[in-house]
Amino acid sequence: MTKLFNFESPLIRFLSRLGDLMILNLLFLLTSVPLVTIGASWTALYCVTLKMVREEEGSIPGSFFRSFRQNFRQATLLWLGVLALAALLVLDLWVLREAAGSPAEILRSCVLLLGVLLLMVLQYLFPGLARFDASIKDTVRNACLLALGNLPKTALMTAASLGAVYLSCLSNLTISVSMALFLLLGFSLLALGNSAILVKLLDPCLPKQPPDPS
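Quick note on numbering: our numbering labels position 5 of the sequence shown as 450, and the sequence is numbered without any gaps.
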């Protein structure tokens, strides 16, 4: 019994991690309320979960708000760009909703393909901003290269996000349960799962540190 409640026991470590994820999820939700700040919140979320995977997180609120402040401008501009592109794709589908014939089907397929590509790039966009000190142009380019260069893992992360949305909308019960889950730790848990994949893809892209002259 004493070993069970030891601070290094698997149970205590699990409960501690669960508590960290709930705190992180709450911080993400609170800072996302203005909507325009979702990009900065998303970046800060992944900044912490990437550190969690490497067991370097330290203070959860400290790491979160430090990343939120440092990346606010770039993350907000990227988020507004994503919203503009997504709105354009939705508008295209709305215009083509009643169009008939092969040309319309081809256009609809192209718009849907662009939507899927956008979702794939999003798996790397804000996590990449959290991990690298780069310009907006380089961040977008790197996200595109990583998304297309790691298609199996990109598909897995994209499917996990879409699957969570699909399962949440199956019935009134799943909607209620999923809302409660995402309010508690859904966003941070999903980010942590993706970070376990992302850390293996992003860390090798970091510049190597020069050897210590001493």
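By construction, the Cβ of each residue, glycine as well, lies at the ideal position given by its N, Cα and C atoms.
{"Check": "Check each candidate in K496, L472, R462 and name the one with the smallest Cα separation from S486.", "Outcome": "L472"}
{"Check": "Measure the beta-carbon distance from S640 to Y491 and round it to whole angstroms, keeping in mind my assumption that it falls under 8 Å.", "Outcome": "6 Å"}
{"Check": "Specify the secondary structure class of P597 as computed by DSSP and reduced to three states.", "Outcome": "helix"}
{"Check": "Does the segment 553 to 560 come within contact of the segment 617 to 628, defined as at least 3 CB pairs closer than 8 Å?", "Outcome": "no"}
{"Check": "Is V566 closer than 9 Å to A588 when the C-beta atoms are compared?", "Outcome": "yes"}
{"Check": "Quick check on the burial criterion: 16 or more other C-beta atoms within 10 angstroms. Buried or exposed for F459?", "Outcome": "exposed"}
{"Check": "The alpha helix (DSSP H) that contains A532, what's its start and end?", "Outcome": "517 to 540"}
{"Check": "Look at the alpha carbon of Y611 and the alpha carbon of F627, and state the distance between them as a whole number of angstroms.", "Outcome": "14 Å"}
{"Check": "Just verifying my parser: in three-state terms, what is the DSSP assignment at R499?", "Outcome": "coil"}
{"Check": "Which residue from D583, C555, A592, D578 puts its Cα closest to that of L564?", "Outcome": "A592"}
{"Check": "Where do the N-terminal and C-terminal ends of the alpha helix (DSSP H) with G464 fall, by residue?", "Outcome": "455 to 477"}
{"Check": "Using only CA atoms, which one of E550, A575, F632, M497 lies nearest to R514?", "Outcome": "A575"}
{"Check": "Confirm, please, whether the CB-CB distance from V493 to S512 is below 9 Å.", "Outcome": "yes"}
{"Check": "From G503 to G608, what distance separates their C-alpha atoms?", "Outcome": "31 Å"}
{"Check": "Can you tell me whether A544 is buried or exposed, with buried defined as 16 or more other CB within 10 angstroms of its CB?", "Outcome": "exposed"}
{"Check": "What residue range is occupied by the uninterrupted alpha helix (DSSP H) comprising P548?", "Outcome": "547 to 576"}
{"Check": "Alpha carbons only, please: which of Y569, S547, L646 is nearest the one belonging to V527?", "Outcome": "Y569"}
{"Check": "Do F577 and L523 come within 9 Å of each other at the CB atom, strictly closer than that value?", "Outcome": "no"}
{"Check": "Kindly give me the distance between the Cβ atoms of N516 and G631, rounded to whole angstroms, as I take these residues to be in contact under 8 Å.", "Outcome": "The Cβ separation is near 23 Å, so there is no contact."}
{"Check": "So L495 and G573 are supposed to be a Cβ contact under 8 Å. How far apart are they, rounded?", "Outcome": "Not really, about 10 Å apart at Cβ, beyond 8 Å."}
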